[in-house]
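Structure record follows, encoded as structure tokens.
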Amino acid sequence: MPAVSKGDGMRGLAVFISDIRNCKSKEAEIKRINKELANIRSKFKGDKALDGYSKKKYVCKLLFIFLLGHDIDFGHMEAVNLLSSNKYTEKQIGYLFISVLVNSNSELIRLINNAIKNDLASRNPTFMCLALHCIANVGSREMGEAFAADIPRILVAGDSMDSVKQSAALCLLRLYKASPDLVPMGEWTARVVHLLNDQHMGVVTAAVSLITCLCKKNPDDFKTCISLAVSRLSRIVSSASTDLQDYTYYFVPAPWLSVKLLRLLQCYPPPEDAAVKGRLVECLETVLNKAQEPPKSKKVQHSNAKNAILFETISLIIHYDSEPNLLVRACNQLGQFLQHRETNLRYLALESMCTLASSEFSHEAVKTHIDTVINALKTERDVSVRQRAADLLYAMCDRSNAKQIVSEMLRYLETADYAIREEIVLKVAILAEKYAVDYSWYVDTILNLIRIAGDYVSEEVWYRVLQIVTNRDDVQGYAAKTVFEALQAPACHENMVKVGGYILGEFGNLIAGDPRSSPPVQFSLLHSKFHLCSVATRALLLSTYIKFINLFPETKATIQGVLRAGSQLRNADVELQQRAVEYLTLSSVASTDVLATVLEEMPPFPERESSILAKLKRKKGPGAASALDDGRRDASSNDINGGVEPTPSTVSTPSPSADLLGLRAAPPPAAAPAPAGAGNLLVDVSSEGPAAQPGLGPTPEEAFLSELEPPAPESPMALLADPAPAADPGSEDIGSPIPEADELMNKFVCKNNGVLFENQLLQIGVKSEFRQNLGRMYLFYGNKTSVQFQSFTPTVVHPGDLQTHLAVQTKRVAAQVDGGAQVQQVLNIECLRDFLTPPLLSVRFRYGGAPQSLTLKLPVTINKFFQPTEMAAQDFFQRWKQLSLPQQEAQKIFKATHPMDAEVTKAKLLGFGSALLDNVDPNPENFVGAGIIQTKALQVGCLLRLEPNAQAQMYRLTLRTSKEPVSRHLCELLAQQF
Amino acid sequence: MQFMLLFSRQGKLRLQKWYVPLSDKEKKKITRELVQTVLARKPKMCSFLEWRDLKIVYKRYASLYFCCAIEDQDNELITLEIIHRYVELLDKYFGSVCELDIIFNFEKAYFILDEFLLGGEVQETSKKNVLKAIEQADLLQEFQEVLGVPRNPSPDSLSHVMNILMSQCTK
Chain L
1 MPAVSKGDGM RGLAVFISDI RNCKSKEAEI KRINKELANI RSKFKGDKAL DGYSKKKYVC
61 KLLFIFLLGH DIDFGHMEAV NLLSSNKYTE KQIGYLFISV LVNSNSELIR LINNAIKNDL
121 ASRNPTFMCL ALHCIANVGS REMGEAFAAD IPRILVAGDS MDSVKQSAAL CLLRLYKASP
181 DLVPMGEWTA RVVHLLNDQH MGVVTAAVSL ITCLCKKNPD DFKTCISLAV SRLSRIVSSA
241 STDLQDYTYY FVPAPWLSVK LLRLLQCYPP PEDAAVKGRL VECLETVLNK AQEPPKSKKV
301 QHSNAKNAIL FETISLIIHY DSEPNLLVRA CNQLGQFLQH RETNLRYLAL ESMCTLASSE
361 FSHEAVKTHI DTVINALKTE RDVSVRQRAA DLLYAMCDRS NAKQIVSEML RYLETADYAI
421 REEIVLKVAI LAEKYAVDYS WYVDTILNLI RIAGDYVSEE VWYRVLQIVT NRDDVQGYAA
481 KTVFEALQAP ACHENMVKVG GYILGEFGNL IAGDPRSSPP VQFSLLHSKF HLCSVATRAL
541 LLSTYIKFIN LFPETKATIQ GVLRAGSQLR NADVELQQRA VEYLTLSSVA STDVLATVLE
601 EMPPFPERES SILAKLKRKK GPGAASALDD GRRDASSNDI NGGVEPTPST VSTPSPSADL
661 LGLRAAPPPA AAPAPAGAGN LLVDVSSEGP AAQPGLGPTP EEAFLSELEP PAPESPMALL
721 ADPAPAADPG SEDIGSPIPE ADELMNKFVC KNNGVLFENQ LLQIGVKSEF RQNLGRMYLF
781 YGNKTSVQFQ SFTPTVVHPG DLQTHLAVQT KRVAAQVDGG AQVQQVLNIE CLRDFLTPPL
841 LSVRFRYGGA PQSLTLKLPV TINKFFQPTE MAAQDFFQRW KQLSLPQQEA QKIFKATHPM
901 DAEVTKAKLL GFGSALLDNV DPNPENFVGA GIIQTKALQV GCLLRLEPNA QAQMYRLTLR
961 TSKEPVSRHL CELLAQQF
Chain H
1 MQFMLLFSRQ GKLRLQKWYV PLSDKEKKKI TRELVQTVLA RKPKMCSFLE WRDLKIVYKR
61 YASLYFCCAI EDQDNELITL EIIHRYVELL DKYFGSVCEL DIIFNFEKAY FILDEFLLGG
121 EVQETSKKNV LKAIEQADLL QEFQEVLGVP RNPSPDSLSH VMNILMSQCT K
């Protein structure tokens, strides 16, 4: 037992600790502890009042037992007693016990708070500091409630000792972090900023932490701290190594304070004041210069302290991201550290460079270190350093070096630590997708990922490759060939079977011409894996099989045999059994046509942000999201490499494997009712739309009657739309549309939002969105006058038999529109069949007693229900030929009314709703598009071709659809747009 | 800083200081996990590692590991020197400190830490000032033991007596 060197020796405590240390086994230790606990309990309970020393000793023993990892459920009262003692050491032990062991026993907290209050008021700095330490250590809300108001006063009081101010600052910081609402802002905040000027370095050191936290929450209120911080920093940086006496650490002046000041400055953008900024830049340069000077000491503490300031300086430079010169210097400095013999510095340099890589000023400078970083990935012995190197490679990757980086990461993956494999897989997957120039490289990379680290390839990754292959027909054949080859390997990962199964089910036909990969070969290859796979994969393969029946009728008998086998039809797993039964029946009862429709090729997935990226962000925590954000450097790459996400997957069954498959078994999504998850906005359209249809605005004839008679009871919409029809003496029939109505409506053929109509009284704005055969439109009626409109009644009217083609359900609007106000009306629209004429919008109201009325054409045209369709040239021409009947084609040759700009034309065609197909028309000047018009009753496939002739300023537009009037109508609509 | 742990090469926890509210169960879990992780690392490895969403900075002094958990924006190197300065403070106070000093005088180790770091932030970096505060406390105690506790200790009279004691002490 060592002699207790300082302070009071508590012999009993030392003996007890020795005893514990001498215990030979865990059991012996527990026995000794229990004996001691019993002893202490009896002492505390005994009738003899304990003296302060004994109390202190026993409380200390309890504390020791607690720190050994045992639970302590008594002694709190004795500790509170000690708190109130006038003897310093007793008080100190009492505080320690409370700080370490306090629980949220509110009775106890009240007693503690009382003792703390006394000590804070004692004017004895040592006692005050003890009390402040305790508040800071506990930091609970109860403490905040009791003291948050007092501490600011102590902090800025003129007569507070320096040590008290230091403790008060950090105590307040802790309370503010825990419950900011409890700390009252006020006059003290201004004075706290001036603590940056305090003579006592310790006070400044403590205060900066508090100020930094306050700045983060209320940057505007604390702006004055910028110049104070800069001047303080400048004084430290320029001081000689001995100036600051005890605040110099291994020849580095005030390193902790410097780092804190540099952190504080990172709460703000660069200083606006030129003089302050100049002084700061000088400081930053001095720090960078000092890094090049020979060290003043060989001690690692010297270089650590110096480099701590250097790294914080670099963080500030990166934060400002505005001084190219400093950024490049920072990058060079870090480059030196990349090869430093100190592992710590290499680690930090890699970490810091990661953020530097995302600055446009230094991205290129960072890239020059690629070889060193790759080398680090290969040779560093410490996994955490290798991890940093992998992060940096990810951050510095762009189109120019993607292939090199991806291949290095793949190579690393073979030997990578298990802990980081999944992350590497995600990163490789993202880079491969983002920077893919040709998609065969992308497919190869992902298949390599599965081969090397199949277990770490998450669903997101392999879903993604399927989405991309589905959406890009130029890679489908290659993908089919490659997975077919990959599946030949005797032991291939289950994820490979999933990807292979899916791709062959979709695109196996593309390689079926080669006898080596003929349909039966494909099938037996897949089926040879079947029995070794999990339920989810087997479910996927069953879907592949039924797709095969459609793709390759010659395999029907074999596959039906497989489906019919008892192991499938009577499988214990419900999902497998159901699939087997349904697919078998489907293949036997459905005609080839039905089968072809049901098992049609997957439609492209809608473009969205990559779900892999989201996963990586989740994995790295929210803080990393910005570092991983990609759009910043490579905005141009978005179009081809932009994300795709399986939105439809939200609709299908919850089983993970079924996500992609459930869809395929269902009829093509176009014919299905809108899935519930397809978009919140449209949900109620699909559920209410058709039901409400009888009540949709009256036809012109009926409208007349409805003005005179009470609205029919079965027509709830009329009730809503026309609250006081009889009150309007000036009512009249819905007039014919205003002369400009066609022109106004035509503005909306290629766009969905804008101003539909405007005169001196009224403005009508439109916002709309359409999906499949559903739409929602918002009409905004703005009263431009200062007088209220009365009996304001907008009505939607279906001329002719439009009602059977298009259902428009309106929501009621207020009958009064105040001067200067705007009211909004929501229209839910459902396209039932193809239609040619738009619905009418009739707006009637009274303005200053005079009835006003106005009829417009509602900008709902058939093309709004277009669904773009991507297809390869071959498919396009095949379908074009299929639609060769004269009545299926409509053609128009017309003069350009707008300048002939290819980009504008493209935008208009996309706005019109069709997909634009590149590389289809041999003449690159021409535009070719395809889409499907979705109505409830039927779908109309549409192909279009637009041939501009710049010399003649003419266009020729050709439409081919499966329905004659649609061709003509679309042709007319579109021809007016150029 | 979120917490600091001191543990031996055998994995015995010698000191724990938490600057964020956590349940005892969580504290135990974190301790177990971190002790294991750090002890598994080889001597030449770097002193930093990512752990959950925190950064761990650790250093071994003789048989003891000092291990701090800091947040994402915090400075690793300066944290390494926080550890070193704490070791220096212990060393100065105990006179070439060893693990046993910390075991037997754990309360002193806590008091010194509280003077140096408060609420997870550096409060006072001057070795002199930190030790002065601790020594003052020790003296105050001696003084109280010698003279008995004054009824109403006024700061002035106290510091006067202490100054005398201090000057005797430093001779």
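Protein chains in written order, with the UniProt record's numbering: chain L, 1 to 978; chain H, 1 to 171. We put the beta carbon where it would ideally sit given N, CA and C, even for glycine.
- Query: Could one say the Cβ of glycine 120/H lies closer than 9 Å to chain L's Cβ atoms, at least one of them?
  - Reply: If you number the second sequence from 1, residue 120/H lands on position 120. Yes - at least one Cβ of chain L is within 9 Å of the one on glycine 120/H.
- Message: Does residue 234/H pass the burial test, meaning 16 or more other C-beta atoms within 10 Å, or should it be called exposed?
- Response: Only positions 1 to 171 of chain H appear in this structure, which leaves residue 234/H out of reach.
- Message: Using a 10 Å radius around the Cβ and a threshold of 16 neighbouring Cβ atoms, would you call arginine 329/L buried or exposed?
- Response: As a first step, residue 329/L is located in the first sequence; it is residue number 329 there, counting from the start. When all chains shown are included, arginine 329/L counts as buried.
- Could you please tell me which residues of the region 507 to 520 of chain L, in chain order, have their CB closer than 9 Å to any CB of chain H? none
- Could you check where the alpha helix (DSSP H) with glutamine 824/L kicks off and where it finishes? Locating residue 824/L in the first sequence gives position 824, counting from the first residue. Element bounds for glutamine 824/L: not the alpha helix (DSSP H) but the beta strand (DSSP E), 822 to 831.
- Message: Taking the beta carbon of glutamine 333/L as the centre, do at least 16 other beta carbons fall within 10 Å, making it buried, or is it exposed?
- Response: Position 333 of the first sequence, counted from the start, is the residue given in the question as residue 333/L. Glutamine 333/L comes out buried.
- Query: When burial is assigned at 16 or more other CB atoms within 10 Å of the CB, is alanine 724/L buried or exposed?
  - Reply: Translated into the one-based positions of the first sequence, residue 724/L becomes position 724. Unreliable positioning characterises alanine 724/L in this predicted model, as indicated by a pLDDT of 36, which lies under 50. The coordinate reading is nonetheless provided below. Taking every protein chain shown into account, the CB of alanine 724/L has fewer than 16 other CB atoms within 10 angstroms, so this residue is exposed.
- Message: Going by the DSSP bridge assignment, what does tyrosine 847/L pair with across the sheet?
- Response: Along the first sequence, read from residue 1 onward, the residue named residue 847/L stands at position 847. Answer is Phe789/L and Ala850/L, bridged to tyrosine 847/L.
- What's the call for tyrosine 65/H, buried or exposed, on a 16-neighbour Cβ count within 10 Å? Translated into the one-based positions of the second sequence, residue 65/H becomes position 65. Residue burial is scored here from C-beta neighbours: tyrosine 65/H has at least 16 other C-beta atoms within 10 angstroms and is therefore classed as buried.
- What number of angstroms, rounded off, separates the C-alpha of leucine 946/L from the C-alpha of threonine 597/L? Walking along the first sequence from the start, residue 946/L turns up at place 946. Walking along the first sequence from the start, residue 597/L turns up at place 597. Cα to Cα, the separation comes out at about 30 Å.
- Message: With distance defined between alpha-carbon atoms, name the residue in Pro294/L, Leu426/L and Thr958/L nearest to alanine 614/L.
- Response: In the first sequence, residue 614/L corresponds to position 614, counting from 1. Among Pro294/L, Leu426/L and Thr958/L, the Cα nearest to that of alanine 614/L is on Leu426/L.
- Task: Could you tell me whether the Cβ atoms of isoleucine 503/L and alanine 539/L are closer together than 9 Å?
- Result: Within the first sequence, residue 503/L is the residue found at index 503, counting from 1. Within the first sequence, residue 539/L is the residue found at index 539, counting from 1. Contact: no.
- Identify every run of the alpha helix (DSSP H) within the region 550 to 624 of chain L, keeping only runs that are complete inside it and at least 4 residues long; order them along the chain. Here the runs fully enclosed are 556 to 564, 566 to 569, 574 to 589, 592 to 598 and 611 to 620.
- Item | Residue closest to glutamate 78/L, alpha-carbon to alpha-carbon, out of Gly69/L, Leu101/L and Ala491/L | One-based indexing of the first sequence puts residue 78/L at position 78. Of Gly69/L, Leu101/L and Ala491/L, the residue nearest in Cα terms is Leu101/L.
- Message: Could you check whether the Cβ of aspartate 91/H sits closer than 9 Å to any Cβ belonging to chain L?
- Response: As a first step, residue 91/H is located in the second sequence; it is residue number 91 there, counting from the start. No, aspartate 91/H does not count as interfacial toward chain L.
- If leucine 856/L sits next to leucine 744/L, beta carbons under 8 Å apart, how far is it from one beta carbon to the other, in whole angstroms? As a working mapping, residue 856/L is identified with position 856 in the first sequence. As a working mapping, residue 744/L is identified with position 744 in the first sequence. Rounded, the Cβ-Cβ distance is 6 Å, consistent with contact.
- How about the region 52 to 65 of chain L and the region 23 to 31 of chain L: do they share at least three Cβ pairs that are nearer than 8 Å? no
- Quick one: Cα of aspartate 391/L to Cα of proline 606/L, how far? Within the first sequence, numbered from 1, the residue matching residue 391/L stands at position 391. Within the first sequence, numbered from 1, the residue matching residue 606/L stands at position 606. Our two residues, aspartate 391/L and proline 606/L, have alpha carbons roughly 30 Å apart in a direct line.
- Just confirm the distance between the C-beta atoms of leucine 131/H and tyrosine 93/H, as a whole number of angstroms; I'd bet it's less than 8 Å. Start at 1 with the first residue of the second sequence, and residue 131/H comes out as number 131. Start at 1 with the first residue of the second sequence, and residue 93/H comes out as number 93. So it is a contact: roughly 6 Å between Cβ atoms.
- Give, in chain order, every unbroken run of the beta strand (DSSP E) that is at least 3 residues long and sits entirely within the region 81 to 153 of chain H. none
- Any chain H beta carbon closer than 9 Å to asparagine 304/L: Residue 304/L sits at position 304 when you count from the first residue of the first sequence. So yes, asparagine 304/L belongs to the interface.
- For glutamate 99/H, go through chain L and note every residue whose CB falls closer than 8 Å to its CB, in chain order. As a first step, residue 99/H is located in the second sequence; it is residue number 99 there, counting from the start. Per Cβ cutoff of 8 Å: no residues; glutamate 99/H is ~10 Å from chain L at best.
- Task: Would you verify that the beta carbon of alanine 206/L is, or is not, closer than 9 Å to some beta carbon of chain H?
- Result: Within the first sequence, residue 206/L is the residue found at index 206, counting from 1. Alanine 206/L counts as touching chain H.
- Item | Cβ-based neighbour list, valine 483/L, same chain, cut-off 8 Å, excluding 5 preceding and 5 following | What you label residue 483/L is simply residue 483 of the first sequence in a count that begins at 1. For valine 483/L, where only same-chain residues beyond five positions count, the Cβ hits under 8 Å are Leu447, Met496, Val499, Gly500, Ile503 and Leu504.
- Message: Between the alpha carbons of isoleucine 862/L and threonine 355/L, how many angstroms are there, rounded?
- Response: Your numbering for residue 862/L matches position 862 in the first sequence. Your numbering for residue 355/L matches position 355 in the first sequence. When only Cα atoms are considered, isoleucine 862/L and threonine 355/L end up about 50 Å apart.
- Item | For proline 868/L: DSSP bridge partner residues | The residue given as residue 868/L occupies position 868 in the first sequence. Answer is Gly931/L, bridged to proline 868/L.
- Item | Buried or exposed by the 16-neighbour rule on C-beta atoms within 10 Å, applied to glutamine 136/H | To locate residue 136/H, count along the second sequence from 1; it is residue 136. That one is buried.
- Extent of the continuous alpha helix (DSSP H) to which residue 179/H belongs: Residue 179/H lies beyond the residue range present for chain H, which begins at 1 and ends at 171; the question has no answer from this structure.
- So threonine 958/L is in the beta strand (DSSP E); what residue range does that whole segment cover? To locate residue 958/L, count along the first sequence from 1; it is residue 958. From DSSP, the beta strand (DSSP E) with threonine 958/L extends over 954 to 961.
- Item | Three-state secondary structure (DSSP) of glutamate 769/L | As a first step, residue 769/L is located in the first sequence; it is residue number 769 there, counting from the start. If DSSP states are grouped into helix, strand and coil, glutamate 769/L belongs with the strands.
- Consult DSSP for serine 655/L and reduce its assignment to one of helix, strand or coil. Sequence index remark: in the first sequence, residue 655/L carries index 655 (1-based). Note that serine 655/L scores a pLDDT of 34, beneath 50, so its modelled location is shaky and nothing firm can be said.
- Task: State the Cα-Cα distance for the pair glycine 735/L and valine 797/L, rounded to the nearest angstrom.
- Result: Locating residue 735/L in the first sequence gives position 735, where the first residue counts as 1. Locating residue 797/L in the first sequence gives position 797, where the first residue counts as 1. For glycine 735/L and valine 797/L, the distance between alpha carbons rounds to 11 Å.
- Query: Closest to serine 568/L by CA distance: which of Ser543/L, Glu485/L and Glu554/L is it?
  - Reply: Against the first sequence, residue 568/L aligns to sequence position 568. Rather than serine, the amino acid found at residue 568/L in this sequence is glutamine. The shortest C-alpha separation from glutamine 568/L is found at Ser543/L.
- Taking aspartate 73/L as the reference, give the member of Tyr53/L, Leu37/L and Leu82/L with the closest Cα. Against the first sequence, residue 73/L aligns to sequence position 73. Looking at the Cα atoms, Leu37/L is the closest of the given residues.
- Query: Within 9 Å (strictly less), CB to CB, does glutamine 166/L reach chain H?
  - Reply: Counted from its first residue, the first sequence places residue 166/L at position 166. Taking a beta-carbon distance threshold of 9 Å, glutamine 166/L counts as an interface residue toward chain H.
- Task: Would you grab the beta carbon distance between cysteine 98/H and methionine 4/H for me? Rounded to a whole angstrom, and I think it's under 8 Å.
- Result: Taking the first residue of the second sequence as 1, we reach residue 98/H at position 98. Taking the first residue of the second sequence as 1, we reach residue 4/H at position 4. With 8 Å as the limit, cysteine 98/H and methionine 4/H do not qualify as a contact, their Cβ atoms being about 19 Å apart.
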